[in-house]
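A.B. asks:
Residue numbers (this note's numbering), protein chains in the order written: chain A, 111 to 427; chain B, 445 to 712.
#1: Please identify the residue among A/327, A/240, A/359 and A/210 whose C-alpha is closest to the C-alpha of residue 134 of chain A.
#2: Give every residue of the same chain whose Cβ lies closer than 6 Å to the Cβ of residue 171 of chain A, excluding the five residues on either side of it in the sequence, and list them in chain order.
#3: List the residues of chain A whose Cβ lies closer than 8 Å to the Cβ of residue 448 of chain B, in chain order.
#4: Taking only beta carbons into account, state which residues of the segment 664-677 of chain B come closer than 7 Å to chain A, listed in chain order.
#5: What residue range does the alpha helix (DSSP H) around residue 334 of chain A cover?
#6: Pull up the distance between the alpha-carbon of residue 695 of chain B and that of residue 613 of chain B, whole angstroms please.
#7: Output the distance between the C-alpha atoms of residue 348 of chain A and residue 355 of chain A, rounded to the nearest integer angstrom.
#8: What are the residues that DSSP puts in a beta bridge with residue 130 of chain A?
#9: On the criterion of 16 or more Cβ atoms from any shown chain inside 10 Å, does residue 665 of chain B qualify as buried, or is it exposed?
#10: Could you give the residue range of the beta strand (DSSP E) that holds residue 185 of chain A?
#11: Determine the direct distance from the alpha carbon of residue 153 of chain A to that of residue 425 of chain A, and round the result to whole angstroms.
#12: Taking beta-carbon pairs under 8 Å, can you tell me which members of the segment 539-560 of chain B lie near chain A?
#13: Since residue 611 of chain B contacts residue 578 of chain B with CB under 8 Å, what's their CB separation in whole angstroms?
#14: If we define contact as Cβ-Cβ less than 9 Å, is residue 459 of chain B a contact residue for chain A?
#15: Residue 704 of chain B touches chain A at which residues, Cβ-Cβ below 8 Å?
#16: What separation, rounded to the nearest whole angstrom, lies between the Cα atoms of residue 467 of chain B and residue 558 of chain B?
#17: Does DSSP put residue 426 of chain A in a helix, in a strand, or in coil?
#18: Here's a check: name, in chain order, each residue in its chain whose Cβ is nearer than 8 Å to the Cβ of residue 372 of chain A, leaving out the five neighbours to either side.
#19: Whole angstroms are fine: how far does the CA of residue 310 of chain A sit from the CA of residue 410 of chain A?
#20: Kindly indicate which three-state DSSP category residue 243 of chain A falls into: helix, strand or coil?
#21: Does the CB of residue 412 of chain A have a neighbour CB from chain B at under 9 Å?
#22: For residue 178 of chain A versus residue 192 of chain A, is the C-beta spacing smaller than 9 Å?
#23: Determine the direct distance from the alpha carbon of residue 472 of chain B to that of residue 547 of chain B, and round the result to whole angstroms.
#24: With DSSP as the reference, label residue 371 of chain A as helix, strand or coil.
#25: Name the chain A residues that come within less than 7 Å of residue 470 of chain B, Cβ to Cβ?
#26: Could you list which residues in chain B have their beta carbon closer than 7 Å to that of residue 201 of chain A, in chain order?
#27: Please confirm if the segment 694-708 of chain B is in contact with the segment 671-682 of chain B, defined as three or more CB-CB distances below 8 Å between the two stretches.
#28: Is the distance from the Cβ of residue 384 of chain A to the Cβ of residue 370 of chain A below 9 Å?
#29: Any beta carbon from chain B within less than 9 Å of residue 169 of chain A's own beta carbon?
#30: Could you name the residues of chain B that residue 382 of chain A contacts, counting a contact when the two beta carbons are closer than 9 Å?
#31: Put residue 80 of chain A into one of helix, strand or coil per three-state DSSP.
#32: Using a Cβ-Cβ distance under 9 Å, would residue 197 of chain A count as near chain B?
#33: Going straight from the alpha carbon of residue 291 of chain A to that of residue 254 of chain A, what length do you get?
#34: Using the Cα positions of residue 400 of chain A and residue 350 of chain A, report the straight-line distance between them to the nearest angstrom.
#35: Residue 147 of chain A lies in the alpha helix (DSSP H); which residues open and close that run?
Written as structure tokens, this is what we have:
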């Protein structure tokens, strides 16, 4: 099949098994040049395994995979020369300085030392770490190390940057700074592939994403499309004091007919509705008095919940 | 950002090993001063305390007319090579796969292949380190007047052969271990016995007969025999070609084992 230069990654019925355990159970997707593509899912959904196959460090056990029109198994080194990778663990060298980390890494791609130094200085400027260039990596905060890992992934001017959970473990301020840098990269036309279990991250950064669960893709589209397709416009969250799972499940039965769908979670009940005002009115009419009512716009979190029956955060522990 | 010229082709094995070697070199620049102790002070301490101190009680006639300091000098050069391997090929290899180092994991996302990472690390530990630090040891020992021949320069080559024969096996072992608490086993069951039972400080022939096979297995014994032949101009226990062939065979078998281990470890 002739390769379309605009398609960076193409997977058809892609599978990965470890013995009896099937981590990825036949997924199909394409990633196009210039887009920010996301894998959304709870831990263990198969998104990191899929990323490793795309990064040519894990061999698929079934299906087809092409990266830049090449075979990751036979041409892994050539493919990796065109990728930038930000792994979950930063894998920065704590004994080297910030600047040396970038220059040594540039050497792996055959970049001459003189060019590597110029590039490293520019990238440190980009991630706002110029003032720390002579510090050892072990002296940096978690957020700074993450930014350095992002700078390192850009050292070879990659055609596709792969980020595996780029902001996991960062405080809100550090997370926003990382998002801002990634957004700038996107503006420059760099193709981005990321995994995350943060809904706001996916909504902010991804043009298109797939939702994975138990090794399968259960939905795909832009964040807006996914919300429009799978959930209602609004969600009303109802809390009933200290009521827990069983009591909430019983209470949920009394809400039948209100909204498009009712979902009882361990700490609250969600009512999916196209009009929060109508839902509130229906609650009053039935003399149902929650201790708190929160009306909000539907989000990707709701899409995931609706599709899998589970909240993403459940699997994080 | 400045336009960058990046070679997108897969590197050759030699190019890739050189790139991986450069990481070790960058790390060495941070710790080179510590090696001064191993390469300069340690041999001086050994020569003063054992070579001269203990040597005063040893009749050269029992060593075929060789002064005791001259007897232990070639073994010391080779022992330093073994000692350095303990530093370079155990924790740094284990850490390459761990979250407190992870340089192999970082390199895995680049055009380097697992075998390139192995070759780069071996180039550092089994070539660069013995040819720099053991040369320094040999120069220091020269001031004690322990060489009988200009062939003594080949003692460093013998030390490098010992490094080459052991380094891949230490890499293999450190790659296979998953718990860092077990790393000390490498020192207890490999580095330490090899250092003690290799005829460095006394003729291996003086060891009890049942321990002789251990001596013959020890790469340090083969290296010491070669080095002593070079520095003291005396015939080694076996024809030199057999000593060299044994060390080369160990090196090749170790490299194959280490290559298999790193490829398995880095294919997720």
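All C-beta atoms in this analysis are idealised placements derived from N, C-alpha and C, irrespective of residue type, glycine included.
C.D. replies: This is what the structure holds:
#1: To locate residue 134 of chain A, count along the first chain from 1; it is residue 24. Checked all of A/327, A/240, A/359 and A/210; the closest Cα to residue 134 of chain A is A/327.
#2: Indexing the first chain from 1 puts residue 171 of chain A at position 61. Cβ within range, chain order: 125, 126 and 127.
#3: Position 4 of the second chain holds residue 448 of chain B. By Cβ distance, chain A contributes 221, 225, 229, 266 and 267.
#4: none
#5: Along the first chain, one-based indexing puts residue 334 of chain A at 224. Here the alpha helix (DSSP H) through residue 334 of chain A covers 333-340.
#6: Taking the first residue of the second chain as position 1, residue 695 of chain B is located at position 251. Taking the first residue of the second chain as position 1, residue 613 of chain B is located at position 169. Roughly 8 Å between the two C-alpha positions.
#7: Here residue 348 of chain A refers to the residue found at position 238 of the first chain. Here residue 355 of chain A refers to the residue found at position 245 of the first chain. Their backbone Cα atoms lie some 13 Å apart in a straight line.
#8: For the purposes of this step, residue 130 of chain A is taken as the residue at position 20 of the first chain. The partner list for residue 130 of chain A (beta bridge, DSSP) is empty, contrary to what the question assumes.
#9: The residue labelled residue 665 of chain B in the question sits at position 221 within the second chain. Answer is buried; the Cβ neighbour count reaches 16.
#10: Along the first chain, read from residue 1 onward, the residue named residue 185 of chain A stands at position 75. Element bounds for residue 185 of chain A: n/a, residue is neither H nor E.
#11: Against the first chain, residue 425 of chain A aligns to sequence position 315. Against the first chain, residue 153 of chain A aligns to sequence position 43. The predicted position of residue 425 of chain A is uncertain, since its pLDDT is 44 and thus under 50; no value can be drawn from it.
#12: 543, 544, 545, 546, 547, 549, 550, 551, 552, 553, 554, 555, 556 and 557
#13: To locate residue 611 of chain B, count along the second chain from 1; it is residue 167. To locate residue 578 of chain B, count along the second chain from 1; it is residue 134. No, residue 611 of chain B and residue 578 of chain B are not in contact; Cβ-Cβ is about 13 Å, not under 8 Å.
#14: Locating residue 459 of chain B in the second chain gives position 15, counting from the first residue. Yes, residue 459 of chain B lies at the interface with chain A (some Cβ there is under 9 Å from its Cβ).
#15: Along the second chain, read from residue 1 onward, the residue named residue 704 of chain B stands at position 260. The contacting residues do not exist; residue 704 of chain B stays about 16 Å from chain A at best.
#16: Residue mapping note: residue 467 of chain B aligns to position 23 of the second chain, counting from 1. Residue mapping note: residue 558 of chain B aligns to position 114 of the second chain, counting from 1. Residue 467 of chain B and residue 558 of chain B: Cα-Cα distance of roughly 15 Å.
#17: For the purposes of this step, residue 426 of chain A is taken as residue 316 along the first chain, with counting starting at 1. Annotation note: pLDDT 40 at residue 426 of chain A (below 50); position unreliable, no value reported.
#18: Position 262 of the first chain, counted from the first residue, corresponds to residue 372 of chain A. 362, 365, 366, 379, 380, 381 and 382.
#19: Here the question's residue 410 of chain A lines up with position 300 in the first chain. Here the question's residue 310 of chain A lines up with position 200 in the first chain. Distance between the alpha carbons of residue 410 of chain A and residue 310 of chain A is about 8 Å.
#20: Within the first chain, the letter at position 133 stands for residue 243 of chain A. Of the three classes helix, strand and coil, the one that applies to residue 243 of chain A here is coil, per DSSP.
#21: The count along the first chain starts at 1 and reaches residue 412 of chain A at position 302. It does not; no Cβ of chain B falls within 9 Å.
#22: Indexing the first chain from 1 puts residue 178 of chain A at position 68. Indexing the first chain from 1 puts residue 192 of chain A at position 82. Yes, the pair counts as a contact, with Cβ atoms nearer than the cut-off.
#23: Here residue 547 of chain B refers to the residue found at position 103 when the second chain is read from its first residue. Here residue 472 of chain B refers to the residue found at position 28 when the second chain is read from its first residue. Each residue's alpha carbon lies about 14 Å from the other.
#24: As a first step, residue 371 of chain A must be located in the first chain, where it is residue number 261. Of the three classes helix, strand and coil, the one that applies to residue 371 of chain A here is strand, per DSSP.
#25: Counting from one through the second chain, the residue named residue 470 of chain B turns up at place 26. Near residue 470 of chain B (Cβ distances below 7 Å), the residues of chain A are 206, 210 and 214.
#26: Numbered from 1 along the first chain, position 91 holds the residue referred to as residue 201 of chain A. Correct list: 546, 549 and 550.
#27: no
#28: Here the question's residue 384 of chain A lines up with position 274 in the first chain. Here the question's residue 370 of chain A lines up with position 260 in the first chain. Going by C-beta atoms, residue 384 of chain A is nearer than 9 Å to residue 370 of chain A.
#29: The residue given as residue 169 of chain A occupies position 59 in the first chain. Cβ-Cβ to chain B under 9 Å: yes for residue 169 of chain A.
#30: Along the first chain, read from residue 1 onward, the residue named residue 382 of chain A stands at position 272. Those within 9 Å of residue 382 of chain A in chain B number zero; the least Cβ separation is about 39 Å.
#31: Because chain A in this structure spans residues 111 to 427, residue 80 of chain A falls outside the shown range and cannot be described.
#32: The residue labelled residue 197 of chain A in the question sits at position 87 within the first chain. For residue 197 of chain A, the answer is yes, since a Cβ of chain B falls inside 9 Å of its Cβ.
#33: Your numbering for residue 291 of chain A matches position 181 in the first chain. Your numbering for residue 254 of chain A matches position 144 in the first chain. Rounded to whole angstroms, residue 291 of chain A to residue 254 of chain A spans 12 Å at the Cα level.
#34: Numbered from its first residue, the first chain carries residue 400 of chain A at position 290. Numbered from its first residue, the first chain carries residue 350 of chain A at position 240. Near 5 Å, if we compare the C-alpha coordinates of residue 350 of chain A and residue 400 of chain A.
#35: Numbered from 1 along the first chain, position 37 holds the residue referred to as residue 147 of chain A. Segment 146-150 is the beta strand (DSSP E) holding residue 147 of chain A; no alpha helix (DSSP H) there.
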